[in-house]
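Peer 1:
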Amino acid sequence: MENRTLAGGVYALDHIMSCARKALPAWKAMPVKARLHYLGRLRMLLIRDMDEWIELLKIECGKTPMDALMSDIYTTVDAIAYYEKHASRILRSRRVRTPLVFIGSKSYRTYEPFGVLSVIAPWNFPLQLALIPVISGLAAGNVVLLKPSEKLPQINAKLINTLQEAGFPKGVCSVIQGGRETVEHLIEMRPDKIFFTGGSEAGRNVLQRAAAHFIPCDMELSGKDPMIVCDDASIERAARAAVWGAFLHSGQVCVSVERVYVHASIYDEFVRNVVIQTNSLSQSADEWADVGAMTTEEGWHRVKEQLEDAVLKGASVQAGGLTADAIIPIFPPTVLTGVTNDMQLMKEETFGPLLPIMAFETDEEAIALANQSDYGLSASIFTSNLSRGRSIANRLETGSCAINDVVRHISNMNLPFGGVKQSGFGRTHGPEGLLAFCQSKAIMMKSGRKPKQINWYPYKQDSFESIKKGLRMLYGRGVKKEDNT
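Sequential numbering of the sequence shown, starting at 6, is according to my numbering.
1) In angstroms, rounded to a whole number, what distance separates the CA positions of G13 and S179?
2) Less than 7 Å separating the beta-carbons of D197 and V121?
3) So S416 and D83 are supposed to be a Cβ contact under 8 Å. How far apart are they, rounded?
4) Applying the 10 Å Cβ sphere with the 16-neighbour rule, what's the burial state of G493?
5) Buried or exposed for M348, going by 16 or more other Cβ atoms inside 10 Å?
6) In the DSSP assignment, the alpha helix (DSSP H) including Q311 goes from what residue to what residue?
7) Quick one: what's S405 bridged to in DSSP?
8) Kindly list the residues whose CB is nearer than 7 Å to the CB of D236, restricted to its own chain and excluding five residues on each side of it in sequence; keep chain order.
9) For the pair the segment 346 to 362 and the segment 271 to 284, tell me if three or more CB-CB distances fall below 8 Å.
10) Assign Q311 to buried or exposed, taking buried as 16 or more other Cβ atoms, counted over all protein chains shown, within 10 Å of its Cβ.
11) Kindly provide the ranges of any beta strand (DSSP E) runs that are 3 or more residues long and lie completely inside the segment 324 to 408, ordered along the chain.
12) In whole angstroms, what separates the C-alpha of Y87 from that of C222?
13) So what does DSSP say about P436, is it helix, strand or coil?
14) Locate the beta strand (DSSP E) running through H268, then write down its first and last residues.
15) Would you mind working out which of R94, R264 and T300 sits nearest A384, comparing C-alpha positions?
16) Which stretch, first to last residue, makes up the alpha helix (DSSP H) that contains S468?
17) Give the straight-line distance between the Cα atoms of L11 and L18, rounded to the nearest whole angstrom.
18) Spell out the partners DSSP gives V425 in its beta bridges.
19) Do L382 and G431 have their CB atoms nearer than 7 Å?
20) Applying the criterion that 16 or more other CB atoms from any shown protein chain within 10 Å of the CB defines a buried residue, is P138 buried or exposed?
21) Counting only the same chain and skipping the five closest in sequence on each side, list residues whose C-beta sits under 7 Å from that of A1.
22) Measure the beta-carbon distance from S428 to S110 and round it to whole angstroms, keeping in mind my assumption that it falls under 8 Å.
23) Verify whether the separation of the beta carbon atoms of V279 and A331 is less than 7 Å.
24) So is S471 buried or exposed if we call it buried at 16+ other beta carbons inside 10 Å?
25) May I have the straight-line CA-CA distance separating V149 from W128, to the nearest angstrom?
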């Protein structure tokens with residue numbers, strides 16, 4: 006496996022791309038089951054080194070052991086196991102129906118890899134968000150250039166060693182280290198597809214550069230996920246879900262609960278429950294704390310700015326908040342009421358442990374509030390009436406939605422995951438997530454024994470009349486023939 010940094014500049018990247026191009030034909034031609042064998046090795050290595058991964062995720066990301074175990078390790082190995090079981094079926098060629106007008110022909114749909122896939126991954130889930138697109142692309146027959154976040158050197162070193170130990174052929178799976186300049190050079194090397202996960206602004210820059218070379222991109226971007234709590238919801242479950250969904254990994258989750266809309270009739274009781282749950286959380290770097298630290302100082306200051314903006318504009322802190330002795334990167338889980346739509350924390354992605362709560366009167370109002378965001382990654386709805394929940398979900402402008410649950414639905418490998426609006430486009434996970442790394446090819450074949458088809462040259466009157474007659478029979482039932490008298 007290639008592992009290079011930007012130390013060698015464009016030359017180093019050019020060499021990596023050259024190795025990837027050379028490796029592509031053999032990897033693409035390899036049977037799907039043979040490719041999956043390498044992914045199985047990777048799965049076993051992740052399980053073998055589980056404790057080491059948990060410790061690294063704790064040290065560099067500030068994750069708690071439970072967050073590391075479930076959000077990074079479980080989700081990743083489950084994705085590998087899913088494709089080990091289903092990839093051959095998903096990728097096989099399929100015969101499809103041929104219209105009668107092409108009588109005697111047979112039609113097939115096949116799937117081919119794009120070629121060289123570039124995966125640009127973020128720091129918040131360095132296994133899940135790096136490896137799921139990597140293993141999806143590899144299973145589909147692509148070779149992969151992975152650019153992980155430069156903020157996690159120890160995790161990256163372990164990732165490189167793990168991929169090397171998995172034994173992928175040279176050039177099939179390469180790790181490139183570096184920052185923004187590396188990404189820019191990588192795009193100039195013209196991979197055949199880019200899969201980007203990160204913030205909307207960074208994603209926009211990638212998209213603009215890729216567009217200059219007509220490189221197709223899938224973009225998994227920012228979120229501002231709403232939770233709607235209906236008047237018939239279980240208040241205890243909804244409150245517990247809001248607290249976990251907002252403060253998991255200190256809110257540094259793309260599908261964190263970032264806005265809560267609660268029916269006015271249960272608003273006070275819901276807020277009381279949320280405050281009780283929040284105040285009961287433990288937060289530290291200790292082994293079994295509920296909430297860990299934020300990963301970056303930059304993120305800590307962004308959350309502080311949003312909190313100060315909200316308080317300045319009239320919001321009230323009901324739990325948490327910063328004190329004079331606050332220590333970076335620990336940011337206390339914070340609950341706010343009295344929030345308004347002009348506050349930063351109701352409009353911009355927070356990516357931190359703030360939980361603003363607002364009341365609504367009708368389902369229509371809740372839907373309108375949820376949809377007024379520029380983002381549309383995911384959402385959650387709490388109600389005892391599942392038909393009502395489905396009805397609301399169908400009207401939300403999001404890529405996914407959970408009813409009486411939160412966050413966990415993105416780990417369901419049978420479902421696609423991705424956003425709408427400024428949360429991006431493209432899908433990962435499940436069959437759609439595998440086919441996203443393929444180009445479909447249409448094949449229609451005929452025996453070729455006849456010397457010509459009816460609509461080939463030379464055009465003749467009798468052929469023309471025969472085709473007209475056939476069109477009337479196939480598509481014109483009930484249409485009266487023109488009266489030319």
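All residues carry an ideal CB built from backbone N, CA and C; glycine is no exception.
Peer 2: Result, derived from the coordinates:
1) Residue confidence is low: G13 scores 40 on pLDDT, short of 50, so the model does not pin down where it sits. Its coordinate-derived value is still stated next. Between G13 and S179, the alpha-carbon positions lie close to 15 Å from each other.
2) yes
3) 7 Å
4) Nothing about residue 493 can be reported from this structure: the residues present for the chain run from 6 to 490 only.
5) buried
6) From DSSP, the alpha helix (DSSP H) with Q311 extends over E302 to L317.
7) None, per the DSSP bridge assignment.
8) H268, S270 and I271
9) Short answer: they touch.
10) buried
11) Entirely contained in the segment 324 to 408, the beta strand (DSSP E) runs reaching 3 residues are, in chain order, 339 to 342, 359 to 365 and 385 to 387.
12) 24 Å
13) Collapsing the DSSP output to three states places P436 in a helix.
14) V262 to H268
15) R264
16) Q466 to Y480
17) With a pLDDT of 41 at L11, under the threshold of 50, the predicted position of this residue should be treated as unreliable, and no value is reported.
18) G381.
19) no
20) Around the beta carbon of P138, 16 or more other beta carbons lie within 10 angstroms, which makes this residue buried.
21) Examination of residue 1 is not possible in this model, given that the chain is present from 6 through 490 alone.
22) No, S428 and S110 are not in contact; Cβ-Cβ is about 42 Å, not under 8 Å.
23) no
24) exposed
25) 19 Å
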